[in-house]
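Below is one structure; the comments refer to it alone.
There are 2 protein chains.
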Amino acid sequence: MSKTRQGIDELALNLVALARAANINLSTAESCTGGGISTAITAVPGSSHMFKGGIIAYANSVKTAQLHVPAGLIEKHGAVSEPVALAMAEGANTALKTDMAISVTGIAGPDGGTEDKPVGTVWIAIAQKGRSTAAHLFEFTNTGRKNIRLCATNEALRMLCEAIENQKCTGL
Amino acid sequence: MSKTRQGIDELALNLVALARAANINLSTAESCTGGGISTAITAVPGSSHMFKGGIIAYANSVKTAQLHVPAGLIEKHGAVSEPVALAMAEGANTALKTDMAISVTGIAGPDGGTEDKPVGTVWIAIAQKGRSTAAHLFEFTNTGRKNIRLCATNEALRMLCEAIENQKCTGL
Numbered sequence: 476m477s478k479t480r481q482g483i484d485e486l487a488l489n490l491v492a493l494a495r496a497a498n499i500n501l502s503t504a505e506s507c508t509g510g511g512i513s514t515a516i517t518a519v520p521g522s523s524h525m526f527k528g529g530i531i532a533y534a535n536s537v538k539t540a541q542l543h544v545p546a547g548l549i550e551k552h553g554a555v556s557e558p559v560a561l562a563m564a565e566g567a568n569t570a571l572k573t574d575m576a577i578s579v580t581g582i583a584g585p586d587g588g589t590e591d592k593p594v595g596t597v598w599i600a601i602a603q604k605g606r607s608t609a610a611h612l613f614e615f616t617n618t619g620r621k622n623i624r625l626c627a628t629n630e631a632l633r634m635l636c637e638a639i640e641n642q643k644c645t646g647l
Numbered sequence: 476m477s478k479t480r481q482g483i484d485e486l487a488l489n490l491v492a493l494a495r496a497a498n499i500n501l502s503t504a505e506s507c508t509g510g511g512i513s514t515a516i517t518a519v520p521g522s523s524h525m526f527k528g529g530i531i532a533y534a535n536s537v538k539t540a541q542l543h544v545p546a547g548l549i550e551k552h553g554a555v556s557e558p559v560a561l562a563m564a565e566g567a568n569t570a571l572k573t574d575m576a577i578s579v580t581g582i583a584g585p586d587g588g589t590e591d592k593p594v595g596t597v598w599i600a601i602a603q604k605g606r607s608t609a610a611h612l613f614e615f616t617n618t619g620r621k622n623i624r625l626c627a628t629n630e631a632l633r634m635l636c637e638a639i640e641n642q643k644c645t646g647l
């Protein structure tokens, strides 16, 4: 990468400025990051103009009740999967009536990893009103729970900045 | 105080151990802390056994829609008030079907302060299934947005530990 890697604080500052300039409001649906993305965004003064709130869906019952993720989807694909990440982001966007929502579901460890989905497996999805929802798979190296959560938070903020910048280019 | 003041990481570790030992599960309803309490709890391995999730209710529309805080209560008393803190905690406990929920609503600044409610004014409430909900007012010195949020997170975690320890003494 030619660009210097940005830290969480800097990304959150950029995100708040980008969203405010584009008049876009956001929500979050966090599982393994447990509120880290929302905490980073709300650390920025003035974030209340673009951040409406979020659902921390740690238990599957919260994913189904608050984010309206179909229980069958979790049973079939597991909570850490592309379909569940997509449904979580769409659920947050609908429930919190926002323009854009991000979801994160992953295995931060130290337990919970399997051969198919080792610790460090994280799906991140972005739902945008009037556009299709897209998810990305990250397979972070298992450098510990703290690092995996920070990597996921960093990627989520970066993806949100990118999505807003893309909207500016293509128009909504 | 004779006891050494505990940091957020240590309090979160204690809280997860106390809740697991008492078989109590928790949820959160965060406004000014923006997810900081949930992030601290979920940083602890094994927290998924006692933490179901939370609602980050930054916008008032999220307080009313997701936490079922009556809009009239916010209009009458303001979002940063004892009745709204109580309703947020009860709303989280009911919506997320937990044994205990904590809510935080306050003015982290730099804007939003008034003569009556200066920056640093924070209400924290704890709802416990089968018990009355109680709220406490904190008037933190305005040492900046970051510090106020950290102080509120610290007090919230401390109050949760205390509430679980009190349940052990008095029985539910």
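In order, the protein sequences belong to chains A and B.
For what it's worth, the working numbering labels the leading residue of the first sequence as 476, then goes sequentially.
For what it's worth, the working numbering labels the leading residue of the second sequence as 476, then goes sequentially.
Backbone N, C-alpha and C fix where the C-beta goes; we use that ideal spot for every residue, glycine too.
In this text the structure is predicted, and so the values were computed from the model without any measurement.
### Contacts of B:Val537 in chain E (Cβ-Cβ under 7 Å)
Looking for chain E here will not work: the only protein chains present are A and B.
### Query
For B:Ser578, which residues does DSSP report across the bridge?
Taking the first residue of the second sequence as position 1, residue 578 of chain B is located at position 103. Looking at the DSSP assignment, B:Ser578 forms a beta bridge with B:Ala504 and B:Ala600.
### Task
Check each candidate in A:Asn500, A:Thr596 and A:Leu486 and name the one with the smallest Cα separation from A:Thr618.
Within the first sequence, residue 618 of chain A is the residue found at index 143, counting from 1. Minimum Cα distance to A:Thr618 is reached at A:Thr596.
### Query
Taking DSSP as the reference, what is the three-state secondary structure of A:Lys572?
Mapped onto the first sequence, residue 572 of chain A falls at position 97. If DSSP states are grouped into helix, strand and coil, A:Lys572 belongs with coil.
### Query
Closer than 8 Å, CB to CB, is A:Ala595 near chain B or not?
As a working mapping, residue 595 of chain A is identified with position 120 in the first sequence. Note that residue 595 of chain A corresponds to Gly in the displayed sequence, not to Ala. By this cut-off, A:Gly595 is not an interface position.
### Beta-ladder partner(s) of B:Leu612, from DSSP
Within the second sequence, the letter at position 137 stands for residue 612 of chain B. Paired residue(s): B:Trp598.
### Query
Between which two residues does the alpha helix (DSSP H) harbouring A:Gly511 extend?
For this step, residue 511 of chain A is matched to residue 36 along the first sequence. Run containing A:Gly511: Gly511 to Thr517, per the alpha helix (DSSP H) assignment.
### Message
Any beta carbon of chain A sitting closer than 8 Å to that of B:Ser607?
### Response
By one-based count along the second sequence, residue 607 of chain B stands at place 132. So, not an interface residue.
### Message
For A:Arg620, would you say it is in contact with chain B, using Cβ-to-Cβ distances shorter than 8 Å as the test?
### Response
As a first step, residue 620 of chain A is located in the first sequence; it is residue number 145 there, counting from the start. So, interface residue.
### Query
For the alpha helix (DSSP H) that contains A:Ala583, what are its first and last residues?
Looking up residue 583 of chain A in the first sequence gives position 108. Segment: none, A:Ala583 is in no alpha helix (DSSP H) and carries neither H nor E.
#### Entry: Closer than 8 Å at the beta carbon, the chain A residues around B:Ala532
Within the second sequence, the letter at position 57 stands for residue 532 of chain B. Within chain A, the residues near B:Ala532 are Gly528.
### Task
Can you give me the Cβ contacts of B:Leu488 inside the same chain, cut-off strictly under 8 Å, excluding the 5 residues immediately before and after it?
Within the second sequence, the letter at position 13 stands for residue 488 of chain B. Cβ within range, chain order: Val519.
### Query
How would you call A:Glu485, buried or exposed, if buried means at least 16 neighbouring beta carbons within 10 angstroms?
To locate residue 485 of chain A, count along the first sequence from 1; it is residue 10. A:Glu485 is exposed by the Cβ-count criterion.
### Task
Report yes if the C-beta distance between B:Thr514 and A:Gly510 is below 8 Å; otherwise report no.
For the purposes of this step, residue 514 of chain B is identified with residue 39 of the second sequence, where counting begins at 1. For the purposes of this step, residue 510 of chain A is identified with residue 35 of the first sequence, where counting begins at 1. Going by C-beta atoms, B:Thr514 is nearer than 8 Å to A:Gly510.
### Query
Since A:Ile639 contacts A:Ile499 with CB under 8 Å, what's their CB separation in whole angstroms?
Position 164 of the first sequence holds residue 639 of chain A. Position 24 of the first sequence holds residue 499 of chain A. Confirmed, Cβ separation roughly 6 Å.
### Message
Which residues in chain A have a C-beta closer than 8 Å to the C-beta of B:Ser578? List them in chain order.
### Response
The residue labelled residue 578 of chain B in the question sits at position 103 within the second sequence. Under the 8 Å cutoff, chain A gives no residues; its nearest Cβ is about 13 Å from B:Ser578.
### Query
Is the region 598 to 614 of chain B touching the region 563 to 579 of chain B, taking contact as three or more C-beta pairs under 8 Å?
yes
### Message
List, in chain order, every chain B residue whose beta-carbon is nearer than 8 Å to that of A:Ala518.
### Response
Here the question's residue 518 of chain A lines up with position 43 in the first sequence. Near A:Ala518 (Cβ distances below 8 Å), the residues of chain B are Gly509, Arg620, Lys621 and Arg624.
### Task
Quick one: measure Cβ to Cβ for A:Ala416 and A:Leu571, integer angstroms, because I've assumed they're closer than 8 Å.
Nothing in the structure corresponds to residue 416 of chain A, since chain A is present only between 476 and 647.
### Query
Do B:Asn535 and B:Ala554 come within 8 Å of each other at the CB atom, strictly closer than that value?
In the second sequence, residue 554 of chain B corresponds to position 79, counting from 1. In the second sequence, residue 535 of chain B corresponds to position 60, counting from 1. Their beta carbons are under 8 Å apart, which means B:Ala554 touches B:Asn535 by this criterion.
#### Entry: C-alpha distance - B:Gln642 paired with A:Leu493, whole-angstrom precision
Along the second sequence, read from residue 1 onward, the residue named residue 642 of chain B stands at position 167. Along the first sequence, read from residue 1 onward, the residue named residue 493 of chain A stands at position 18. When rounded, the distance between both Cα atoms is 47 Å.
### Message
Using a Cβ-Cβ distance cut-off of 8 Å, determine whether B:Gln642 contacts chain A.
### Response
Position 167 of the second sequence, counted from the start, is the residue given in the question as residue 642 of chain B. No, because no Cβ of chain A sits closer than 8 Å to the Cβ of B:Gln642.
### Query
For a contact meaning CB atoms closer than 7 Å, what does A:Ser513 contact in chain B?
Counted from its first residue, the first sequence places residue 513 of chain A at position 38. The contacting residues are Gly509, Gly510 and Ile531.
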